[in-house]
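**Q**
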Amino acid sequence: RFRDKLEMIVAELLSEKQHAEWLLSTTRSECTKQIAELDTQIQTMDEKGNDGARIEASASAQKSDSQGVISSIEREGRKLLSTFKRQATDCRVELKNLRNTVCGSKKLKQEVITIEAKQRKGARLEINDCSVGSWRPQECMNTKVAQQLEGQGIYNPQKAVSARRPLKSILHKCGPGGGIQWFLRGKVSPPQTPEYGASCPPLRLKTVCNDFECPVDCKLSDWEGWSACSKSCDGGMKRRIRGVTVYPQW
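Heads up: the sequence shown is residues 46 to 295, going by this note's numbering.
1) What is the C-beta distance between T188 and Q226, in whole angstroms, given that I count them as a contact (C-beta under 8 Å)?
2) How about K93 and I286: are their beta carbons less than 8 Å apart?
3) Near P182, which residues of its chain fall below 6 Å by C-beta distance, leaving aside the five closest residues on each side in sequence?
4) Name the DSSP beta bridge partners of V177, please?
5) Quick one: what's P182 bridged to in DSSP?
6) So for V206, helix, strand or coil by DSSP?
7) Less than 8 Å separating the beta-carbons of G288 and I100?
8) Could you have a look at L248 and say whether DSSP puts it in helix, strand or coil?
9) Checking 8 Å against the spacing of the C-beta atoms, do L250 and G231 come in under that value?
10) Ordered along the chain, which non-local residues of its own chain (more than five positions away) have a Cβ less than 8 Å from that of L216?
11) Can you tell me which residues form a DSSP beta bridge with L216?
Below you can see the structure in the form of structure tokens.
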């Protein structure tokens, strides 16, 4: 009996050993599989991280270049503004001097004509020069359209708008070469004494406009797929990235 019980105990121990070995083998297989999956996820995340790092480095370099360009533009803008203010001051001084000269010339001319009238024993003649209003800037027009309209005597783009020619097709917003802009003004009073009064100055002025580069907005690619979760449990992180297809300019 003792021997039978001993053999039974040995048999149970062997059975438990085999079951434990089977569990161990299964656990090792599952662990190996999970480790392989984690290695794959880590590799994928590393690749995504490298892509993100490259994109970040490229964006950083682009940002640095853009900041350099912006700083250069700001410096140039400040220089142009300073030049403009100086020239505007000089222009105001020169305009004042010209007005004084014109006023003096008009007075001198009036005195000469008055003396002449006295010598002829005629009536005193008042000199009235032509006077004009302020310049009215018109919108910047496409060069070809502006040339066509000029041939028709049209200088205001609003007057050329029709069902077949919308305002958008007439105007020029930006681009190399620029467009054409008219400045118009009207007569306030014509010369009352044509023989002596000054005739009217030009009522139209044409200039180039909006000859700067058109701004380019930033454009992004579509989002890539989500990466694997950084953790198998207890909350992890997923990430996805997208790149810049067109960098902003001007």
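Beta carbons: idealized from backbone N, C-alpha and C, even for Gly. Being a predicted model, the structure only gives us computed values, none of them experimental.
**A** Concretely, from the data shown:
1) Contact annotation, T188 with Q226: C-beta distance approximately 11 Å; criterion of less than 8 Å not satisfied.
2) At the C-beta level, K93 and I286 come within 8 Å of one another.
3) Its chain contains F228 as the residues whose beta carbon lies nearer than 6 Å to that of P182, once the 5 sequence neighbours on both sides are disregarded; these appear in chain order.
4) Bridge partners of V177: K232.
5) Beta-bridge pairing links P182 to F228.
6) V206: coil per DSSP, three-state reduction.
7) Yes, Cβ-Cβ distance for G288 and I100 is below 8 Å.
8) Reduced to three states, the DSSP call for L248 is coil.
9) Their beta carbons are not under 8 Å apart, which means L250 does not touch G231 by this criterion.
10) Counting only Cβ-Cβ distances below 8 Å, and skipping sequence neighbours, we find E184, C185, M186, N187, P202 and G224.
11) Partner(s): M186.
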